[in-house]
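Numbering-wise (this note's numbering), the sequence shown opens with residue 109 and increments by one.
Read through the structure below, which is laid out as structure tokens, and then see the notes.
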Amino acid sequence: MQAAPEEPRLTGGLLDAVAHITPFGYAILSLLLVFSLLSWTIMVRKWLTCRTIDHQSRAFVSYFRKSPRLSDVDAACEHYRRTPLTGMFSAAYQELNAQLQSLKSKSPETSANPGHPALSERNVMAIQRTLQRAASAELTVLERSMSWLATTAAVTPFVGLLGTVVGIISAFVGLSLEKTTSIQAVAPGIAEALITTAAGLFAAIPAVIGYNQFVHRLKNIASEMDDFAAEFLNLVERSFS
């Protein structure tokens, strides 16, 4: 009785191909692995950060709207320190107090609100500039490491392509050294070329998706920061003008 033919094993074939990769091919794969691991680490951290910001921003804005005094909101900022809105509020609240103290030292009370001098348009503009600077600083922190994702997305396909070119060259060199044309002569080089190409794509595709997703999330966060700045300024104008 004739034995059934053995089915080809993909895993074994892949391991055999990896075993015949040249030192240069291993260097390419190691570099791509570093890019991939770092980009995945950044994406996981960014995802956790954005999720925390979403939750704390909603809670902080709700507390801000319900609180009767800005001093209470300032005291609660430590509890919501993971959202960039608290950094904006703290900076603007300090500037507001500085403007009020400056007005109190220069002129008597003229506001309908007892205990507070009236803020001029110039004072409100100073608070607005403070909010803008604080928002810019918070966004700079949130955008940290985004350049690495962009670099990974742009560079790793070309690193894989470099491995592809070198693998093809190795295949032709192997073919030239053989007396007869056979698949065994070119197989190691072709396998190395395809493996490095695939590794480059495996590193680049998640980085592209992650970068685009986080750019969109950061735009939403920036929009929320603009809305909060406008809401804070409206409150200041109603209460201190």
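Backbone N, C-alpha and C fix where the C-beta goes; we use that ideal spot for every residue, glycine too.
Keep in mind it's a predicted model, so treat the numbers as computed, not measured.
Is it a yes or a no for the stretch 201-211 touching the stretch 164-172, going by three-plus beta-carbon pairs under 8 Å? no
Nearest neighbour of A312, chosen from L250, E345, L141 and G133 [CA to CA]: L141
Select from F172, R325, E300 and F280 the residue whose C-alpha is nearest the C-alpha of D162. R325 is the residue among F172, R325, E300 and F280 whose C-alpha sits nearest the C-alpha of D162.
On the DSSP letters alone, give me the boundaries of the alpha helix (DSSP H) that A226 sits inside. That residue, A226, is in no alpha helix (DSSP H); it is neither H nor E in DSSP.
Is A299 near the ligand GDP, with its Cβ less than 8 Å from a heavy atom? As far as ligands go, the structure on display features none, and thus does not contain the ligand GDP.
For R159, name the three-state secondary structure that DSSP assigns. helix
Through-space distance from G308 to P265, alpha-carbon basis: 5 Å
If you compare alpha carbons, which of I298, S255, A295 and M333 is closest to N320? S255
Between the Cα of A245 and those of A199, Y134 and T130, spot the shortest distance and give me the residue it belongs to. A199
Quick one: give me the first and last residue of the alpha helix (DSSP H) that E203 is part of. Start and end: P192 to K214.
Is L239 near M196, with beta carbons less than 9 Å apart? yes
How about T130 and E300: do their beta carbons lie closer than 9 Å? yes
Rounded to the nearest angstrom, how far is the Cβ of A315 from that of L257, given a contact under 8 Å? 5 Å
First and last residue of the uninterrupted alpha helix (DSSP H) at S355: Not covered by the structure: residue 355. The range shown for the chain is 109 to 349.
Once the 5 residues before and after G318 are set aside, which same chain residues still bring their CB inside 6 Å of it? M151 and L257
Please name the residue, chosen from S278, A226 and E332, that lies closest to F132 on a Cα-to-Cα basis. S278
How long is the line joining the alpha carbons of A135 and R190, rounded to whole angstroms? 40 Å
Pair within 9 Å by beta-carbon distance, A243 and A184: no
Counting C-beta neighbours from all protein chains within 10 Å, is the total for P296 16 or more, i.e. buried, or is it exposed? buried
Measure the C-alpha to C-alpha separation of R117 and E332 and round it to an integer number of angstroms. Reliability of the predicted coordinates at R117 is poor, the pLDDT of 47 falling under 50, and no value is obtained from them.
For F172, the nearest candidate out of L156, T304 and L341 (CA to CA): L341
Taking the straight line between their C-alpha atoms, what separation do you get for R177 and F348? 13 Å
Just confirm the distance between the C-beta atoms of T272 and T304, as a whole number of angstroms; I'd bet it's less than 8 Å. 6 Å
K154 and F322 look like a contact to me (Cβ under 8 Å); what is the Cβ gap, rounded to whole Å? That belief holds up - the Cβ atoms of K154 and F322 are roughly 5 Å apart, short of 8 Å.
Can you tell me the Cβ-Cβ gap for Q209 and N231, rounded? I've got them flagged as a contact below 8 Å. Wrong, their Cβ atoms sit about 11 Å apart, outside the cutoff.
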